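Trainee: Residues 153 to 513, numbered by the numbering used here, are exactly what the sequence shown covers, in order. Quick reminder that beta carbons are idealized off the backbone N, C-alpha and C, glycines included. Since the model is a prediction, treat every value here as computed from it, not as a measurement.
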Amino acid sequence: MTADLAAVELLRVRLPLKRAFTTSFGTSADKECVLVRAIGPDDAEGWGECTAMEAPRYSGEWNDGAWLVLRDHLIPAALAGRPSGVRSHPMAEAALEVAVTDLELRSEGVSLSTHFGGVRHRVPCGVSVGIEDRIDDLLELVSGFVSAGYRRVKLKIEPGRDVETVRAVREAFPHAPLSVDANAAYTGETVDALLGLDDLGLEYIEQPLPEDDLLGHIELQRRMATPLCLDETVTSARVARAAIELEACRIINVKLGRVGGPAEALRIHELARESGVPLWVGGMLETGVGRAANVALASLPGFTLPGDTSASDRYFEADLTEPFEVDADGTMAVPDGPGIGVAPLPDRLEAAVVERLTVRP
Ligand code: SMG
Ligand code: MG
153 MTADLAAVEL
163 LRVRLPLKRA
173 FTTSFGTSAD
183 KECVLVRAIG
193 PDDAEGWGEC
203 TAMEAPRYSG
213 EWNDGAWLVL
223 RDHLIPAALA
233 GRPSGVRSHP
243 MAEAALEVAV
253 TDLELRSEGV
263 SLSTHFGGVR
273 HRVPCGVSVG
283 IEDRIDDLLE
293 LVSGFVSAGY
303 RRVKLKIEPG
313 RDVETVRAVR
323 EAFPHAPLSV
333 DANAAYTGET
343 VDALLGLDDL
353 GLEYIEQPLP
363 EDDLLGHIEL
373 QRRMATPLCL
383 DETVTSARVA
393 RAAIELEACR
403 IINVKLGRVG
413 GPAEALRIHE
423 LARESGVPLW
433 VGGMLETGVG
443 RAANVALASL
453 PGFTLPGDTS
463 ASDRYFEADL
473 TEPFEVDADG
483 TMAVPDGPGI
493 GVAPLPDRLE
503 AAVVERLTVR
513 P
């Protein structure tokens, strides 16, 4: 990494979510995450957001673990200019990589989108809707997002809350682009229920089976006309290549954190373009810091489908940064300022920080 790294600050922040978000693996009422502030010798700074959550339920990373691996391994290695040798902490690695890249790009006056090779100034946006106890609440939420212009609505599902719910949404919104995401909740015993989704005109079914069940996804894709999209499974370009070649999916969701940072995300982008597999940028309920990097990634030519890059007001009363907005046409502007193009607003950051620590050489 850069020779111009003087210190790195870790900040744990907590922001209330406007509405609790429920997936097959749990409910979040707040957004809590670790922010990484890379500091240059001249006090210049760069920001990155770790996409781990409070508990290791989406994947094996969580905030406490990310804090420690950054503090004791990743940051000391970066400050010493040597490889960390760390395995299995891609979200922590990605946060540091983005922060250091942001620091460098700010000094060069280059935007992250330009640095990535982005080609779009606005990106198409989708929205992800959590599991709701009451179908009326779900229909009302979907209605609001469709009216707001979102170009795809993704419904979270789990065994027992799938076909009937999705059919009700489909009947209420016959023409809306819809998808579903199971967050790896189905197994051999429950997978057959998914076949009932095949005639609901879904754009795709995201991560139905456990992350390591490549064979299961291959078999399921053979049984279904609806494309499968992999999220949790795709942890690297190598896995992406296997999934594409073996037809375990027809679409890939790319998250900077899950794949370990921009360098790996760009490798996935390259190979997906070669094989014609459409990509979209996933989300982890990021604050504006993480959202900025996601939107920069979405500006690349291979990201042809609407991402989970929703407006700040879909998540928070007040974001950490200036808010990201989605226009009535369902698109969002790609930041064009240096680096990620945004930074936390000092008063918002102060109000959200619950812990901070500076790591020096
Ligand atoms: O950022 O809008 C967002 C959330 C998108 O559904 C979303 N993310 O598996 O794709 C996914 C989930 C993971 C996080 S759920 C708290
Ligand atoms: Mg997902």
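Candidates 237, 209 and 465: which alpha carbon is nearest residue 222's?
Mentor: Answer by Cα proximity: 237.
Trainee: Within 7 Å: the Cβ of residue 435 and any heavy atom of the ligand SMG?
Mentor: Because some heavy atom of the ligand SMG lies under 7 Å away, the Cβ of residue 435 counts as near it: yes.
Trainee: Note down the Cα distance separating residue 159 from residue 468, rounded to an integer number of angstroms.
Mentor: Between residue 159 and residue 468, the C-alpha separation is close to 30 Å.
Trainee: Where does residue 470 sit, in a helix, a strand or coil, going by DSSP?
Mentor: If DSSP states are grouped into helix, strand and coil, residue 470 belongs with coil.
Trainee: In whole angstroms, what separates the C-alpha of residue 484 from that of residue 265?
Mentor: Residue 484 and residue 265: Cα-Cα distance of roughly 14 Å.
Trainee: Quick one: is residue 172 buried, meaning 16 or more other Cβ sit within 10 Å of its Cβ, or exposed?
Mentor: Counting Cβ neighbours within 10 Å, residue 172 comes out exposed, since fewer than 16 surround it.
Trainee: When DSSP builds the beta bridges, which residues end up paired with residue 156?
Mentor: The partner list for residue 156 (beta bridge, DSSP) is empty, contrary to what the question assumes.
Trainee: Would you tell me roughly how many angstroms separate the C-alpha atoms of residue 161 and residue 208, rounded to the nearest one?
Mentor: Distance between the alpha carbons of residue 161 and residue 208 is about 23 Å.
Trainee: Would you say the region 257-271 touches the region 282-293, given that touching needs at least three Cβ pairs under 8 Å?
Mentor: Contact fails: fewer than three Cβ-Cβ distances are below 8 Å.
Trainee: Can residue 343 and residue 248 be called in contact, C-beta distance under 8 Å?
Mentor: No, the Cβ-Cβ distance between residue 343 and residue 248 is not below 8 Å.
Trainee: Which of the three DSSP states is assigned to residue 307 in this structure?
Mentor: Residue 307: strand per DSSP, three-state reduction.
Trainee: Who does residue 279 pair with in a DSSP beta bridge?
Mentor: Partner(s): 305.
Trainee: If you draw a straight line from the C-alpha of residue 512 to the C-alpha of residue 192, how long is it?
Mentor: Roughly 11 Å between the two C-alpha positions.
Trainee: Out of curiosity, what's the CA-to-CA distance linking residue 322 and residue 198?
Mentor: Cα to Cα, the separation comes out at about 43 Å.
Trainee: Hey, residue 496 and residue 510 are a contact pair by Cβ (cut 8 Å); roughly how many whole angstroms apart?
Mentor: Contact flag wrong, Cβ pair sits at about 16 Å.
Trainee: Along the beta strand (DSSP E) that carries residue 405, what are the first and last residues, could you check?
Mentor: Residue 405 -> beta strand (DSSP E) spans 403-406.
Trainee: Do you know how far the Cα of residue 190 is from the Cα of residue 319?
Mentor: Cα to Cα, the separation comes out at about 47 Å.
Trainee: Would you check whether the ligand MG has a heavy atom nearer than 7 Å to the C-beta of residue 333?
Mentor: Because some heavy atom of the ligand MG lies under 7 Å away, the Cβ of residue 333 counts as near it: yes.
Trainee: Judging by CA-CA distance, which residue of 377, 398, 431 and 414 is the nearest neighbour of residue 383?
Mentor: Comparing Cα-Cα distances from residue 383 to each of 377, 398, 431 and 414, the minimum goes to 431.
Trainee: Classify residue 421 as buried or exposed, calling it buried when 16 or more other Cβ atoms lie within 10 Å of its own Cβ.
Mentor: Result: buried.
Trainee: Near residue 465, what residues of its chain come up, given a Cβ to Cβ distance below 7 Å and the 5 sequence neighbours on each side ignored?
Mentor: 475, listed in sequence order.
Trainee: Would you mind giving the Cβ-Cβ distance between residue 331 and residue 355, rounded to the nearest angstrom? I have them listed as a contact below 8 Å.
Mentor: That belief holds up - the Cβ atoms of residue 331 and residue 355 are roughly 5 Å apart, short of 8 Å.
Trainee: Is residue 505 helix, strand or coil when you go by DSSP?
Mentor: Strand, per DSSP.
Trainee: Return the chain-ordered list of same chain residues with a C-beta closer than 7 Å to the C-beta of residue 153, the five sequence neighbours on each side being excluded.
Mentor: With a pLDDT of 46 at residue 153, under the threshold of 50, the predicted position of this residue should be treated as unreliable, though the coordinate-derived value follows. 230, 233 and 252, listed in sequence order.
Trainee: Taking the C-alpha atoms as reference points, what is the distance between residue 283 and residue 335?
Mentor: Going by the C-alpha atoms only, they are around 12 Å apart.
Trainee: To the nearest angstrom, how far is the alpha carbon of residue 262 from that of residue 181?
Mentor: If you take the alpha carbons of residue 262 and residue 181, they lie about 36 Å apart.
Trainee: Could you tell me if the beta carbon of residue 355 falls within a distance shorter than 7 Å of some heavy atom in the ligand MG?
Mentor: No; taking the cut-off as 7 Å, the Cβ of residue 355 has no heavy atom of the ligand MG nearer than that.
Trainee: When DSSP labels each residue in this structure, what does residue 337 get in the three-state scheme?
Mentor: Coil.
Trainee: Pull the bridge partners of residue 173 from the DSSP assignment, please.
Mentor: Answer by DSSP bridge pairing, in chain order: 180.
Trainee: Please give the ranges of any alpha helix (DSSP H) in the region 219-255, keeping only runs that are unbroken, at least 4 residues long and fully inside the region.
Mentor: For the region 219-255, whole alpha helix (DSSP H) runs of length 4 or above, ordered along the chain, are 227-232.
Trainee: Which residues mark the beginning and the end of the beta strand (DSSP E) in which residue 433 is found?
Mentor: Counting along the chain, the beta strand (DSSP E) containing residue 433 begins and ends at 431-433.
Trainee: Whose C-alpha, out of 211, 195 and 170, is nearest the C-alpha of residue 412?
Mentor: Nearest of 211, 195 and 170 to residue 412, Cα basis: 211.
Trainee: Cα separation between residue 258 and residue 491?
Mentor: For residue 258 and residue 491, the distance between alpha carbons rounds to 5 Å.
Trainee: Looking at the secondary structure, which residues open and close the beta strand (DSSP E) in which residue 485 lies?
Mentor: Per DSSP, residue 485 belongs to the beta strand (DSSP E) from 483-485.
Trainee: When we look at the beta-carbon of residue 348 and count the other beta-carbons within 10 Å, is it buried (16 or more) or exposed?
Mentor: So residue 348 counts as exposed.
Trainee: Going by beta-carbon coordinates alone, are residue 213 and residue 243 separated by less than 8 Å?
Mentor: Yes, they are a contact pair.
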